[in-house]
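S.K.: Counting with this note's numbering, you get residues 111 to 402 for the letters of the sequence shown.
Positions of the beta carbon are idealized from the N, C-alpha and C atoms, including for glycine.
Questions regarding the structure given below will be posed in turn.
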Amino acid sequence: MAALALQASDTLTITFTGDVLLDRGVRKHIVSRNGDANCLFSPSIDSVFAMSQLVVANLECPATKIEKPVFKNYIFRGEPEWLVTLKEHGITHLNLANNHSIDQGREGLIDTRNNIIKAGMIPIGAGETMDEAAMPVLLATAPRNVYMLASLRLALENTSYLPGKPSVSQESFDSLVARVKDLKAHDPGCCVIVSLHWGAEHMLRPAVQQLSQAHQLIDAGADCLICHHTHTMQSIERYKGKSIYYSIGNFIFDQQRDINSRACMVQLTITSHDIEANTIPVIIKNCVPEVE
């Protein structure tokens, strides 16, 4: 899929957010506002998005009218018309490489992907096959090529691993590392951003295996890791001059505990030869994120 057309510039600014849920408590919040999803965005968040050429969020639910729930503990579904509001507030890309995108089955996953495109955004990390889902997405071509690789590093609950069927990106870790190496081999000057959906929920520190895998990805050529799933903000590491965000936490979400309500956005400033990561603290109040 082609990168969004952007005006050529010496600097590219991309903002990344954590989990966006459009069901459960967030659904109730929207319904209480007569179905107006604009209630999910605070002025401080809009200001950050307005300073960004691209905004990438993790959509933690299918957005589809299809109701074919998978048998599992937590099953989500958002309304596809709410995607338009996300676009209107500046979100340009939605990551689907997570453990809830397939909550309404493979048909619901592909419908969500199509609905994201219809709303004017670009889906990441899902496709008609596993190989398509795992393909890097070209976010921008100026001031240099910027690619994003998204990958779910968890087993899906009651969903078989069928790489020939509609899937989220869930290839082996060795294959993911090989993709990063391949990108750098064919385009040495490019910027590669990796987003992993991984880790243990509600934990404040990553596991030892995550540290090892993050370092392997940086060693392979990744320029930054921005990850999520734990519903908490975890540690930030600088490794070989590159930033690793093990989990940036929630964004638009209904969990109310303090550890679940504090999160961050990551704003990357990319030039032809450099990448700078800026951490923007966020606090979530009644499902709505605000810059803290």
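1. In the DSSP assignment, what residue or residues form a beta bridge with LYS395?
2. Helix, strand or coil: how does DSSP classify GLN377 here?
3. Considering only DSSP beta bridges, list what GLN334 is partnered with.
4. Assuming PRO276 contacts GLU238 (C-beta within less than 8 Å), just tell me the rounded distance between them.
5. Using the C-alpha atoms, what's the distance from ASN205 back to THR127?
6. Does the distance from the C-beta atom of VAL304 to that of LEU321 stay below 9 Å?
7. Using C-beta distances below 8 Å, list every residue in its chain close to SER162, excluding the 5 sequence neighbours before and after it, in chain order.
8. Would you check if the distance between the CB atom of VAL256 and the CB atom of ILE232 is smaller than 9 Å?
9. To which residues does DSSP link ARG372 through a beta bridge?
10. Using the C-alpha atoms, what's the distance from VAL194 back to ASP221?
11. Of the choices GLU189, ASP292, VAL392 and ALA317, whose alpha-carbon is the least far from that of GLU170?
M.R.: Here's the rundown:
1. Indexing the sequence shown from 1 puts residue 395 at position 285. Within the DSSP bridge table, the entry for LYS395 names VAL398 as partners.
2. On the sequence shown, position 267 is the one that residue 377 refers to. Strand at GLN377.
3. Along the sequence shown, one-based indexing puts residue 334 at 224. Position check: residue 334 holds Cys in this sequence, whereas Gln was assumed. CYS334 is bridged to ILE303 and SER353.
4. Residue 276 sits at position 166 when you count from the first residue of the sequence shown. Residue 238 sits at position 128 when you count from the first residue of the sequence shown. With a Cβ gap of about 6 Å, PRO276 and GLU238 count as contacting.
5. Counting from 1 along the sequence shown, the entry for residue 127 is found at position 17. Counting from 1 along the sequence shown, the entry for residue 205 is found at position 95. When rounded, the distance between both Cα atoms is 10 Å.
6. The residue given as residue 304 occupies position 194 in the sequence shown. The residue given as residue 321 occupies position 211 in the sequence shown. In this structure, LEU321 does not lie closer than 9 Å to VAL304 by Cβ.
7. Within the sequence shown, numbered from 1, the residue matching residue 162 stands at position 52. Excluding the 5 residues flanking it on each side, SER162 has same chain C-beta neighbours closer than 8 Å at THR123, ILE124, THR125, GLY200 and GLN377, in chain order.
8. For the purposes of this step, residue 256 is taken as the residue at position 146 of the sequence shown. For the purposes of this step, residue 232 is taken as the residue at position 122 of the sequence shown. Not in contact: VAL256 and ILE232 (Cβ atoms no closer than 9 Å).
9. Sequence index remark: in the sequence shown, residue 372 carries index 262 (1-based). Answer by DSSP bridge pairing, in chain order: ILE393.
10. As a first step, residue 221 must be located in the sequence shown, where it is residue number 111. As a first step, residue 194 must be located in the sequence shown, where it is residue number 84. Going from the Cα of ASP221 to the Cα of VAL194 covers about 15 Å.
11. For the purposes of this step, residue 170 is taken as the residue at position 60 of the sequence shown. Among GLU189, ASP292, VAL392 and ALA317, the Cα nearest to that of GLU170 is on GLU189.
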